[in-house]
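These protein sequence lines are chains A and B, in that order.
Numbering of the first sequence is given in this note's numbering, commencing with residue 2 and proceeding in unit increments.
Numbering of the second sequence is given in this note's numbering, commencing with residue 31 and proceeding in unit increments.
Where is the CB? At the ideal position from N, CA and C, for every residue including glycine.
Comments concern the structure below.
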Amino acid sequence: DGGITQSPKYLFRKEGQNVTLSCEQNLNHDAMYWYRQDPGQGLRLIYYSQIVNDFQKGDIAEGYSVSREKKESFPLTVTSAQKNPTAFYLCASSKGRTDSDEQYFGPGTRLTVT
Amino acid sequence: KQEVTQIPAALSVPEGENLVLNCSFTDSAIYNLQWFRQDPGKGLTSLLLIQSSQREQTSGRLNASLDKSSGRSTLYIAASQPGDSATYLCAVQLGDTDKLIFGTGTRLQVFP
Numbered sequence: 002d003g004g005i006t007q008s009p010k011y012l013f014r015k016e017g018q019n020v021t022l023s024c025e026q027n028l029n030h031d032a033m034y035w036y037r038q039d040p041g042q043g044l045r046l047i048y049y050s051q052i053v054n055d056f057q058k059g060d061i062a063e064g065y066s067v068s069r070e071k072k073e074s075f076p077l078t079v080t081s082a083q084k085n086p087t088a089f090y091l092c093a094s095s096k097g098r099t100d101s102d103e104q105y106f107g108p109g110t111r112l113t114v115t
Numbered sequence: 031k032q033e034v035t036q037i038p039a040a041l042s043v044p045e046g047e048n049l050v051l052n053c054s055f056t057d058s059a060i061y062n063l064q065w066f067r068q069d070p071g072k073g074l075t076s077l078l079l080i081q082s083s084q085r086e087q088t089s090g091r092l093n094a095s096l097d098k099s100s101g102r103s104t105l106y107i108a109a110s111q112p113g114d115s116a117t118y119l120c121a122v123q124l125g126d127t128d129k130l131i132f133g134t135g136t137r138l139q140v141f142p
């Protein structure tokens with residue numbers, strides 16, 4: 002089956018610890034994205050990558066870091082510098098700059114930091 | 031700065047009704063517009079994508095229209111069913127990047 006996988010589905014961490022969220026796709030997509038979703042708010046873009054070994058900050062990148070060493074993988078690290086890390090995190094991918102640049106989403110990871 | 035608004039925020043209707051969900055955006059320089067469905071605690075499922083040069087797209091009981099000049103899109107759901115209950119999100123892709131700007135969604139409940 003082709004698609005996007007995120008693991009784990011639920012993640013619990015103590016305040017002050019860094020945590021890495023996994024995102025893998027086998028759609029052969031060039032572009033990948035990380036979003037954060039909070040109750041009552043729309044999705045907000047954290048980081049995105051249009052090609053391997055390159056990525057750009059989104060609207061709320063502070064306290065997060067990413068890497069794109071492989072086309073199929075785009076892990077997100079939530080660092081201790083992120084002031085409100087508890088949220089639902091969604092990863093997406095797309096072909097890139099085409100006429101029908103549809104984004105496909107993974108099932109999400111719910112992170113709780115106490 | 032592009033802003034996306036969805037009205038209404040919530041909607042509860044009996045089964046069988048035809049529905050219209052609204053999405054408006056402030057900057058008409060968009061690359062495309064996408065409608066998504068999200069079930070509670072789940073990821074997003076893409077429903078329809080309308081390119082900036084198109085006026086509408088259809089998939090089954092769903093029809094989405096786009097009027098760039100007025101900054102509006104509507105999602106029409108025909109003959110609604112309880113299985114349509116979910117949150118519906120619209121998002122616009124900016125003309126110069128791959129970024130999507132999302133609305134806050136319309137939470138739909140269809141009761142039998």
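Residue i versus residue j - alpha carbon distance
i	j	result
residue 106 of chain B	residue 139 of chain B	15 Å
residue 65 of chain A	residue 97 of chain A	23 Å
residue 17 of chain B	residue 73 of chain A	With chain B running from 31 to 142 in the structure shown, residue 17 of chain B is simply not present.
residue 4 of chain A	residue 34 of chain A	14 Å
residue 66 of chain B	residue 81 of chain B	15 Å
residue 90 of chain B	residue 118 of chain B	16 Å
residue 39 of chain A	residue 83 of chain B	32 Å
residue 49 of chain B	residue 85 of chain B	19 Å
residue 56 of chain A	residue 41 of chain A	28 Å
Close-in-space but distant-in-sequence residues of the same chain around residue i (CB under 7 Å, 5 per side omitted)
i	result
residue 81 of chain A	17, 18 and 19
residue 6 of chain A	25 and 107
residue 68 of chain A	76
residue 32 of chain B	55, 56, 57, 122, 124 and 131
Nearest-angstrom beta carbon gap, residue j and residue i [assumed within contact, 8 Å]
i	j	result
residue 34 of chain B	residue 133 of chain B	4 Å
residue 141 of chain B	residue 47 of chain B	Rounded, the Cβ-Cβ distance is 10 Å, inconsistent with contact.
residue 50 of chain A	residue 62 of chain A	12 Å between Cβ atoms; not a contact.
residue 51 of chain B	residue 136 of chain B	5 Å
Secondary structure of residue i, DSSP reduced to three states
i	result
residue 114 of chain B	helix
residue 102 of chain B	strand
residue 74 of chain A	strand
residue 91 of chain A	strand
residue 25 of chain A	strand
residue 53 of chain A	coil
residue 58 of chain A	strand
Buried versus exposed call for residue i [16 or more other C-beta atoms within 10 Å across all chains shown]
i	result
residue 39 of chain B	exposed
residue 47 of chain A	buried
residue 102 of chain A	buried
residue 79 of chain A	buried
residue 27 of chain A	exposed
residue 64 of chain B	buried
Neighbouring residues, chain D, relative to residue i (Cβ below 7 Å)
i	result
residue 105 of chain A	Absence of chain D from the displayed structure is noted, the protein chains being A and B.
Neighbourhood of residue i by C-beta distance below 6 Å, restricted to the same chain and skipping five residues each side
i	result
residue 22 of chain A	77, 90 and 110
residue 27 of chain B	This structure leaves residue 27 of chain B out entirely; chain B is present only between 31 and 142.
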